[in-house]
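**Student:** Mind looking over this structure? Questions follow.
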Amino acid sequence: MRRYETTYIIRPNIGEEQFSAIVERTNEIIHNDKGAIINLDRWGMRKLAYEIKKEVQGYYVHVDYAAQGATVDEIERIFRIDDRILRYLTIKVADTIDEATIASEKERIIQLANAPKKEKNDDDDSYDDDDIDDDED
0 MRRYETTYII RPNIGEEQFS AIVERTNEII HNDKGAIINL DRWGMRKLAY
50 EIKKEVQGYY VHVDYAAQGA TVDEIERIFR IDDRILRYLT IKVADTIDEA
100 TIASEKERII QLANAPKKEK NDDDDSYDDD DIDDDED
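Heads up: the sequence shown is residues 0 to 136, going by numbering that gives the first Met the number 0.
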């Protein structure tokens, strides 16, 4: 198996049920071909950089998974046919991935999601743009 990442943009006006149906269908294709989903992120509604098929916003979904090349071909074939998909992009992250690596990546992602957020202290050496004095010559 190889490791892939696919990001796809769904039309914004189709409703939550159809968003979920598209995501579930994509996940089923991966699982039916003996693949494994490492991470699935619903980035949500975002403004597009430019108009695509007369849409200015889109619902972004990013999936990190391990699968065969034929699985990617099938996902992209379905995306080309489906008018609800505005754009998609698949990249190959690694040529090979094994079950142990998949499990460790899933665990790492869970740990990152559950890690406490770092709060900004007044003692912190970082600065904001407001800290820069533009009046100096």
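Where a beta carbon is used, it is the ideal one built from N, C-alpha and C, also for glycine.
To the nearest angstrom, how far is it from the Cα of residue 96 to the Cα of residue 75?
**Tutor:** 21 Å
**Student:** Starting from the N-terminal side, write out each stretch of the beta strand (DSSP E) that is 3 residues or longer and does not extend beyond the stretch 10–94.
**Tutor:** 35–51, 54–66 and 84–93
**Student:** Using the Cα positions of residue 45 and residue 9, report the straight-line distance between them to the nearest angstrom.
**Tutor:** 10 Å
**Student:** Going by alpha carbons, who is nearest to residue 82 out of 52, 93, 23 and 109?
**Tutor:** 52
**Student:** Rounded to whole angstroms, what is the Cα-Cα separation between residue 66 and residue 87?
**Tutor:** Their backbone Cα atoms lie some 17 Å apart in a straight line.
**Student:** In chain order, what residues of the same chain have a beta carbon less than 7 Å from the beta carbon of residue 35, not counting five sequence neighbours either side?
**Tutor:** 64, 65 and 101
**Student:** Between the Cα of residue 54 and the Cα atoms of 60, 6, 85 and 78, which residue gives the shortest distance?
**Tutor:** When each option's Cα is compared against that of residue 54, the closest is 85.
**Student:** Identify whether residue 96 lies in helix, strand or coil by the three-state DSSP scheme.
**Tutor:** In the structure shown, residue 96 sits in coil (DSSP, three-state: anything other than H, G, I, E or B).
**Student:** With 16 as the cutoff for other CB atoms within 10 Å, does residue 115 come out buried or exposed?
**Tutor:** exposed
**Student:** Take the Cβ of residue 136 as the centre, count every other Cβ of all protein chains shown within 10 Å, and call the residue buried at 16 or more, exposed below.
**Tutor:** With a pLDDT of 48 at residue 136, under the threshold of 50, the modelled position of this residue cannot be trusted, and the question is left open.
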